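Under this note's numbering, the first residue of the sequence shown is numbered 6, with each subsequent residue one higher.
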Amino acid sequence: MTDGRPDGAGTRWTELLEDARAIAEEYRENGWDAIVLEPTAIAPVEHADRTGLDVAVSSEAYDLVETLVEDGDVTITAADVYYRPPERDDHERIALVVERDDERETAIFVPLTYDLEDSRAVFETALAEEELLVHVTPAATDAEADRWVSFSHEDPSLFLEEADVRGWGEQ
């Protein structure tokens, strides 16, 4: 999973990005500021300083998110997770997360694709701790490796099939 898009994710990934843009446009029509991220890579991460899913985006997109969330007036207080069940029995999972500041009417759209087996340890930890962190990072250089903006999700099960978790318990 070098590019964050598992084999076979091409069409589903493209559809997810198109849906994200369309939903963001609906938000804009209702007076919201909406940013749609286009990840260049998505990977599970388990480090001392962070655990969850790393979502690499262009430096420009990262700077915008960082300015809004870390340096600006936007406080993410709600999120919607649009999970898409797999079309076949495989490990690929796809979801769209909409991080929202309802007061400031700002939404950040984070499309995700992840391999269930590669991400299993991250999700097991998230389920046990009742928190999945999604870290938006700049895709560029090692100098930027220590920069990220994190979004917290209290119900990691929204990113999984019920059968996924049952299957882990049976192994």
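The C-beta atom is built at its ideal place from N, Cα and C for all residues, glycine as well.
Values in this document were obtained by computation on a predicted structure and should not be read as measured data.
Fully contained in the segment 60-120 are the following alpha helix (DSSP H) runs of length 4 or more, in chain order: 64-71. Put simply, the backbone Cα of HIS158 is about 24 Å away from that of THR19.
A distance below 8 Å between beta-carbons, with the five flanking residues on each side excluded, links ASP107 to the following residues of its chain, in chain order: THR82 and ALA83. Residue GLY57 holds the alpha-carbon nearest to the alpha-carbon of ALA133 among GLY57, GLU65, PRO143 and VAL102.
When the Cα atoms are used, LEU73 and VAL60 turn out to be separated by approximately 17 Å.
Judged by DSSP in its simplified three-state form, ASP38 adopts strand. Counting along the chain, no beta strand (DSSP E) covers THR45, and no H or E run does either. Each of GLU122, ASP68, VAL170 and ARG152 was checked against the Cα of HIS140, and the nearest Cα belongs to ARG152.
Ranked by Cα distance from ASP95, the options ALA25, ASP123 and SER155 are led by ASP123. In the structure shown, the three-state DSSP call for LEU22 is helix. With respect to the 9 Å criterion, PRO116 and LEU137 are not classified as neighbours on the basis of their beta carbons. Boundaries of the beta strand (DSSP E) around LEU137: 137-143.
Per DSSP, PHE164 is not a residue of any beta strand (DSSP E), being assigned neither H nor E. The Cβ atoms of GLU43 and VAL62 lie closer than 9 Å to each other.
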